[in-house]
Amino acid sequence: MGSAAPRARLLFTAFAVSLSGLLFGFDTAVIAGVTGALRAQFGLSPAALGVTVSSALLGTMVGAAVAGVYGDRRGARAGLRLAAALYLVSGLGCALAWDWAALILFRVMAGVAIGASSVLAPVYLAEVAPPARRGAIVGSFQVSIVTGILLAYASNAAVGALLADAATAWRWKLGLTALPAALFQLLLVAVPDSPRWLMLRGRRDEAAAAALLLHGDEAVDVPPAPPSRAVSLASLWREAPRPMILAIVLGALNQLTGINAILYYLNDIFAAAGFRQVSADLQAIAVGAANLVFTLVGMALIDRLGRRPLLLVGGAAMAVLLLAATAIMLGLLPRALMLAVLVGFIAAFATSQGAVIWVYLSEIFPAHARAAGQALGAGTIWLFDALVAAIFPVAAAASPAAPFLFFAACMAAQCVLVSRWFPETRGASLEQIERQMRGAAETAR
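Plus 2 on top of the position in the sequence shown (first one is 1) and you've got my numbering.
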């Protein structure tokens, strides 16, 4: 079989699975354009607004936890089809929400889909990607996330311009996610199960057929895998403590950058810096565009420079820029610099944590526990995301500068932790990384 057809099939498969990232990003960022309308519609206090924004994040933790078990048993493809259905129902439900409780319910449902996507899509992409291209292929999930974020900002601005009635506009903004959700469900019909997962289930002939479909003759022999068995966090800790520690630390640091707090409350941040609403919408689009451009830069660098250098340089840059944002909020620097500072911060995040997080989490766990390990890392992300999203509006109301100073300190800590404890995984096969992690654990004992 020629290489062109399998290459095209692999690229199509990566695109289809990565579309879950677009829905993830859209649902994450669209809330930034409706916080003011929701505050007015339901009479929300800062604390209640924090609950509204973070309600989806409750669902993400549930989705991540359930998806790890489901993905190991039924496969990532089956799990992603359920997530697509949840995205569709939650989008329509938010558009038609009859009261605040209903809105919270459907936002939680969207969160379950996001949490499941954050576990299943990176695992699937890592398992089907050749080692030399794994960073870029798994990274396509992050590219889709930031594309979804940009589309959310653009659609918020467009709907806001077309519909002057805020009571109607926020429903359209939240409901538009149903369109890509329907497309995602359709594309998944043509996506095969992961050859590695099929091998784990003892379905060798199907695994070979899937590998042939995705990679051609050169990849028909699927790497052997250990027998499938149930995985608990306790057994995973006994077997692979180092990957668990790395996943928890990296997942926590991902949110302690402040990235999602900034994205959720971007319009509010610009308002606090003195920008009017239309200007805030347009500057949110600029931030989203920068996120996409520099994520693509990160994808170009991750398989060339490696994971560690991106985390180290990006962490240092984010610390400096967050200190600059602190100074702006304190009146020590001109407010006009806020857009440049936030674009710089987004660039640093996108080329470091943004590019690395899903790739690294999908690489470091053993084959039979990959979905469970990814669920642990993703669950940590969503736990800290929920905490930051709930606390940020209250903390910012008390002191607009304090959250940025805290995030800057966390990024300084990231530089120290990565330099001391995080191994490089660039260019190694998943089986080689598993041996590396197991060897390090045995040496530590």
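Heads up, the beta-carbon is just placed ideally off N, CA and C, and yes, glycines get one too.
In angstroms, rounded to a whole number, what distance separates the CA positions of glycine 484 and valine 110?
Limits of the chain in this structure are 3 at one end and 447 at the other, which puts residue 484 out of reach.
Just the C-alpha distance for alanine 104 and threonine 54, rounded to the nearest angstrom, thanks.
Residue numbering aside, residue 104 sits at position 102 when the sequence shown is read from its first letter. Residue numbering aside, residue 54 sits at position 52 when the sequence shown is read from its first letter. Taking the straight line from one Cα to the other gives about 11 Å.
Boundaries of the alpha helix (DSSP H) in which isoleucine 450 is found, first to last residue
The chain is shown only over 3 to 447; residue 450 falls outside these bounds and no answer can be derived.
Backbone secondary structure at valine 193 - three-state DSSP:
Translated into the one-based positions of the sequence shown, residue 193 becomes position 191. The answer is coil: DSSP assigns valine 193 none of H, G, I, E or B.
Burial state of serine 401, where buried means 16 or more other Cβ atoms lie within 10 Å
For the purposes of this step, residue 401 is taken as residue 399 along the sequence shown, with counting starting at 1. Under this definition serine 401 is an exposed residue.
The region 318 to 337 touching the region 88 to 102, judged by at least three CB pairs closer than 8 Å
no
Residue span of the alpha helix (DSSP H) that contains proline 124, given as start and end
Residue numbering aside, residue 124 sits at position 122 when the sequence shown is read from its first letter. Proline 124 -> alpha helix (DSSP H) spans 102 to 130.
Beta carbon of alanine 392, beta carbon of alanine 242: below 8 Å?
Position 390 of the sequence shown, counted from the start, is the residue given in the question as residue 392. Position 240 of the sequence shown, counted from the start, is the residue given in the question as residue 242. No; because the gap between Cβ atoms is not below 8 Å, this pair is not in contact.
Mapping the DSSP letters down to three states, classify alanine 254 as helix, strand or coil.
As a first step, residue 254 must be located in the sequence shown, where it is residue number 252. Helix.
Where arginine 428 falls: helix, strand or coil (DSSP)
Counted from its first residue, the sequence shown places residue 428 at position 426. If DSSP states are grouped into helix, strand and coil, arginine 428 belongs with coil.
For the region 67 to 107, which segments carrying the alpha helix (DSSP H) assignment without a break, of at least 4 residues, lie completely within its bounds, in sequence order?
78 to 97
Could you give the C-beta distance for valine 390 and alanine 263, rounded to a whole number, given that I count them as a contact under 8 Å?
Here residue 390 refers to the residue found at position 388 when the sequence shown is read from its first residue. Here residue 263 refers to the residue found at position 261 when the sequence shown is read from its first residue. Valine 390 to alanine 263, Cβ: 5 Å. Contact.
Assign aspartate 223 to one of three DSSP states: helix, strand, or coil.
Translated into positions along the sequence shown, residue 223 becomes position 221. Reliability fails at aspartate 223, whose pLDDT of 46 lies under 50, so the model's placement of it is uncertain and the value that follows must be treated cautiously. Of the three classes helix, strand and coil, the one that applies to aspartate 223 here is coil, per DSSP.
Near isoleucine 435, which residues of its chain fall below 7 Å by C-beta distance, leaving aside the five closest residues on each side in sequence?
Residue 435 sits at position 433 when you count from the first residue of the sequence shown. Here the set comprises Glu365, Ile366, Thr427.
Aspartate 387 burial status per 10 Å Cβ neighbour count (16 or more: buried)
For the purposes of this step, residue 387 is taken as the residue at position 385 of the sequence shown. It is buried - the Cβ of aspartate 387 has at least 16 other Cβ atoms within 10 Å.
Go ahead and pull the three-state DSSP assignment for alanine 242.
Position 240 of the sequence shown holds residue 242. Coil at alanine 242, not helix or strand.
Rank Leu202, Pro194, Arg437 by C-alpha distance to the C-alpha of leucine 214 and give the top, closest one.
Position 212 of the sequence shown, counted from the first residue, corresponds to residue 214. When only C-alpha atoms are compared, the closest one is Pro194.
Tell whether a beta-carbon distance below 8 Å holds between isoleucine 151 and threonine 62.
As a position in the sequence shown, residue 151 is number 149, starting the count at 1. As a position in the sequence shown, residue 62 is number 60, starting the count at 1. No, they are not a contact pair.
Going along the chain, which residues of its own chain have a beta-carbon closer than 6 Å to the beta-carbon of alanine 2, five neighbours each way excluded?
What is shown of the chain runs 3 to 447, which leaves residue 2 out entirely.
Entirely enclosed alpha helix (DSSP H) segments - the region 344 to 397, minimum 4 residues
355 to 365
Rounded straight-line distance, which links the Cα of tryptophan 102 to that of alanine 380
Translated into the one-based positions of the sequence shown, residue 380 becomes position 378. Translated into the one-based positions of the sequence shown, residue 102 becomes position 100. Approximately 27 Å between the Cα atoms of the pair.
Based on Cα-Cα distance, which residue from Pro8, Ile359, Glu129, Ala211 lies nearest to threonine 259?
Here residue 259 refers to the residue found at position 257 when the sequence shown is read from its first residue. That would be Ile359, whose Cα lies nearest to the Cα of threonine 259.
Got a sec, what are the start and stop residues for the alpha helix (DSSP H) threonine 37 sits in?
As a first step, residue 37 is located in the sequence shown; it is residue number 35 there, counting from the start. Residues 37 to 44.
Buried/exposed call for glycine 137, threshold 16 Cβ in 10 Å
Along the sequence shown, read from residue 1 onward, the residue named residue 137 stands at position 135. Buried: at least 16 other Cβ atoms inside 10 Å.
Close Cβ partners of valine 251 (< 7 Å) along its chain, the five nearest in sequence each way excluded:
Here residue 251 is taken as the residue at index 249 of the sequence shown, counted from 1. If we look at valine 251 and ignore the five residues flanking it on each side, its Cβ neighbours are Leu419.
Determine the burial state of aspartate 207: buried for a count of at least 16 other Cβ atoms within 10 Å of its Cβ, exposed for fewer.
Start at 1 with the first residue of the sequence shown, and residue 207 comes out as number 205. With fewer than 16 Cβ atoms within 10 Å of its Cβ, aspartate 207 is classed as exposed.
Assess, as a yes-or-no matter, whether the region 145 to 162 is touched by the region 65 to 76 under the definition of 3 or more beta carbon pairs within less than 8 Å.
no
The alpha helix (DSSP H) that contains alanine 411, what's its start and end?
Looking up residue 411 in the sequence shown gives position 409. Element bounds for alanine 411: 404 to 423.
Please state if the CB of alanine 115 and the CB of valine 68 are separated by a distance shorter than 8 Å.
The residue given as residue 68 occupies position 66 in the sequence shown. The residue given as residue 115 occupies position 113 in the sequence shown. In this structure, alanine 115 does not lie closer than 8 Å to valine 68 by Cβ.
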